[in-house]
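Quick note, this note's numbering runs 1 ahead of the 1-based positions in the sequence shown.
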Amino acid sequence: MRRFLVVAAAMALVVASCTSSETVVTTPAVDPTTSVPAPPPLTTVTTTTTQVVTTTTPVTTTTTSTTVPVVLPEPAPGWTRLDIDPELFGDVTLTGGVVSDGRMVLVGCENNAAGSRRDTWGFPVWVSDGDAGWRLADGPDGVGCVTQVEATPFGYFAVSGFGGLVLFSDDGLVWDRFDLSGALGLEGPVQLGSAIAVVPSPDGGRVTLLYSRAWLGESEIATLVTTTDGETWTEGPASSAALFDSSDFAAVIEGGPGLIAVGTSPGGQFVPTAAVFTSPDGLRWTRVTPRDHDFNDKTMGDVIAVDDGYVAVGGDIENIRLMTAWTSSDGVHWHRSPAPQGEIGAEFGFQTAVALTVVDGSIWVTGRDFDAARGDDNSDRSLPALWRSDDGIEWVRVDPETVTVAIPFVVIDFPGLRIGVWPPPFSLIEGPVQVFIADN
């Protein structure tokens, strides 16, 4: 899930994190239709140091305690790399972030084709106060993946991707498990189930948590729990929660009548129907997309605002060699983008789009291309996938090996401040973690 909350104090923090105020990026824009020599392989370094580089001149390589240089590709035009040692992050992809009261918080997950958890350098939350540099936050053991973080008037909330935990912090530095079962008169967390998302209202006056618990057979029951003061929590309307029964809630942004969320409903991953939901406050929800051929047997994995509306992307269970895209001018009425004409090559597998960004006027999507016949394990069967579009309607498949610049996938978006990361969230594209700021 993705939503962005940023305050004005963020600018001083970001400036302090940049490699240099004089950095100028001159890398030419990527032409996805032209084959470009692939960059040299990125060296994997196995040191456990977490020291942050503090040089004040532009850096093209970072030397760790093993003295093996890690070559970092330049960012796309209009972006500047923040001066953060990639070794601080370990083997992860960053999945989200917030800035509040001058403090930046980033969260991430181990990126693995099989979806299994592996160790990072620690609890996968990273914090910076500008001059203090970057450091790992403190949190409970056993949390290997954090998919979402939100800063609210009541504190920081995050969702763990493994185990479905809600995590809470007063300051973003020290985190703990957040259990509402007692406040709701329940016997234990199992009665709420796994946390799916944290949804602050657009005005900041409400926070709603979405949970899902197993029910009969393969079915799941959703519950909404909400607060307007951070102290008293109550269950939300059952009619809104029922929209997310046996469903996947993939992403949410501010837009439309308040909030726009995308996912699959009903039936979850086995009988998916791509769906868009809207809400004025994160508590009362309406499904706005129909159940017809443009949405049936499809998934939605992400949504983003563009100049003339919104774009959503996902996968197609019937035409598995195609990723799927939709566009909307208002967040309520959605139209499926036409499938490309011509025969799709047999080398393509089941394509699923999972994350969107807009860079230099182009819409970029990252995802996965899975084919069970490719190898003996998931690491061989899954390949990274990348697409580009100028309008969200016509798309071009881009070979990641021809992309010689880092395309920042935005995890914090606010007027005057955009923070992007590479490799993209949940992507199989390899390379050291990099964080960028858009040049304004």
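Just so it is clear, CB atoms sit at the ideal spot from N, CA and C, and this is done for glycine as well. Just so it is clear, the structure is predicted and the values come from calculations on it, not from any experiment.
What does G368 pair with, by DSSP beta-bridge criteria?
-> Position 367 of the sequence shown, counting from 1, holds the residue named residue 368. The partner list for G368 (beta bridge, DSSP) reads A354 and A386.
Neighbourhood of P281 by C-beta distance below 6 Å, restricted to the same chain and skipping five residues each side = Residue 281 sits at position 280 when you count from the first residue of the sequence shown. If we look at P281 and ignore the five residues flanking it on each side, its Cβ neighbours are P258 and G259.
How many angstroms separate the CA atom of V244 from the CA atom of F410?
-> Start at 1 with the first residue of the sequence shown, and residue 244 comes out as number 243. Start at 1 with the first residue of the sequence shown, and residue 410 comes out as number 409. The question names Val, yet the displayed sequence has Leu at residue 244. Their backbone Cα atoms lie some 30 Å apart in a straight line.
Cβ neighbour criterion (16 or more within 10 Å) applied to P201 | The residue given as residue 201 occupies position 200 in the sequence shown. Under this definition P201 is a buried residue.
E88 (DSSP reduced to helix, strand or coil) = As a working mapping, residue 88 is identified with position 87 in the sequence shown. In the structure shown, E88 sits in a helix (DSSP, three-state: H, G or I).
In chain order, each beta strand (DSSP E) run of at least 3 residues that lies wholly inside the stretch 388-434 = 396-399, 410-415 and 418-423
DSSP beta-bridge partners of A215 | Numbered from 1 along the sequence shown, position 214 holds the residue referred to as residue 215. Looking at the DSSP assignment, A215 forms a beta bridge with E221.
Residues bridged to A138 [DSSP beta-bridge criterion] | Numbered from its first residue, the sequence shown carries residue 138 at position 137. According to DSSP, which records beta bridges pairwise, A138 is partnered with nothing at all.
Inter-residue Cα distance where the pair is I191 and R214 | Taking the first residue of the sequence shown as position 1, residue 191 is located at position 190. Taking the first residue of the sequence shown as position 1, residue 214 is located at position 213. Residue identity differs from the one stated: residue 191 is Val in this sequence, not Ile. Taking the straight line from one Cα to the other gives about 7 Å.
Just to confirm, are E221 and D180 a CB contact at a threshold of 8 Å?
-> Mapped onto the sequence shown, residue 221 falls at position 220. Mapped onto the sequence shown, residue 180 falls at position 179. Taking 8 Å as the Cβ cut-off, E221 and D180 do not qualify as a contacting pair.
Straight-line Cα distance separating G162 from E232 | Stepping through the sequence shown from its first residue, residue 232 is reached at position 231. Stepping through the sequence shown from its first residue, residue 162 is reached at position 161. C-alpha separation (whole angstroms): 25 Å.
Would you tell me roughly how many angstroms separate the C-alpha atoms of L210 and V412, rounded to the nearest one?
-> What you label residue 210 is simply residue 209 of the sequence shown in a count that begins at 1. What you label residue 412 is simply residue 411 of the sequence shown in a count that begins at 1. The alpha-carbon atoms of L210 and V412 are separated by roughly 20 Å.
Three-state secondary structure (DSSP) at S241?
-> Residue mapping note: residue 241 aligns to position 240 of the sequence shown, counting from 1. The answer is helix: DSSP assigns S241 an H, G or I state.
The beta strand (DSSP E) with D295 in it runs from where to where?
-> Position 294 of the sequence shown holds residue 295. Counting along the chain, D295 falls outside any beta strand (DSSP E), and DSSP gives it neither H nor E.
Quick one: residues in its chain with C-beta nearer than 6 Å to the C-beta of R398, no 5 flanking neighbours on either side, listed in chain order?
-> Mapped onto the sequence shown, residue 398 falls at position 397. Closer than 6 Å at Cβ, skipping near neighbours: W388.
Terminal residues of the continuous beta strand (DSSP E) containing L95?
-> Numbered from its first residue, the sequence shown carries residue 95 at position 94. L95: member of the beta strand (DSSP E) spanning V93 to S101, first to last residue.
Quick one: what does DSSP say V208 is sitting in, helix, strand or coil?
-> On the sequence shown, residue 208 is found 207 positions in, with the first residue counted as 1. Three-state DSSP puts V208 in a strand.
Straight-line CA distance for I318 to W176?
-> Along the sequence shown, one-based indexing puts residue 318 at 317. Along the sequence shown, one-based indexing puts residue 176 at 175. Looking at the two C-alpha atoms, the distance is approximately 39 Å.
Cβ neighbour criterion (16 or more within 10 Å) applied to P425 = Here residue 425 refers to the residue found at position 424 when the sequence shown is read from its first residue. Under this definition P425 is a buried residue.
With DSSP as the reference, label V106 as helix, strand or coil.
-> Working through the sequence shown from its first residue, we reach residue 106 at position 105. In this structure, V106 counts as strand in the three-state DSSP scheme.
In terms of alpha-carbon separation, which member of F437, N441, A439 and S428 lies closest to T94?
-> Locating residue 94 in the sequence shown gives position 93, where the first residue counts as 1. Here the closest residue by C-alpha is S428.
Among R337, G310, E348 and P267, the one whose alpha carbon lies nearest that of R382 = Translated into positions along the sequence shown, residue 382 becomes position 381. Nearest option by C-alpha distance: E348.
Helix, strand or coil at V128 [DSSP, three-state] = Within the sequence shown, residue 128 is the residue found at index 127, counting from 1. Strand at V128.
When you compare only the Cα positions, how much space is there between P203 and V150?
-> For the purposes of this step, residue 203 is taken as residue 202 along the sequence shown, with counting starting at 1. For the purposes of this step, residue 150 is taken as residue 149 along the sequence shown, with counting starting at 1. Near 15 Å, if we compare the C-alpha coordinates of V150 and P203.
According to DSSP, is P190 helix, strand or coil?
-> As a position in the sequence shown, residue 190 is number 189, starting the count at 1. Note: P190 maps to helix in three-state DSSP.
What whole-angstrom Cβ distance do W127 and A439 have, given they're in contact under 8 Å?
-> Stepping through the sequence shown from its first residue, residue 127 is reached at position 126. Stepping through the sequence shown from its first residue, residue 439 is reached at position 438. Between A439 and W127 the Cβ distance is about 20 Å, and since that is not below 8 Å, they are no contact.
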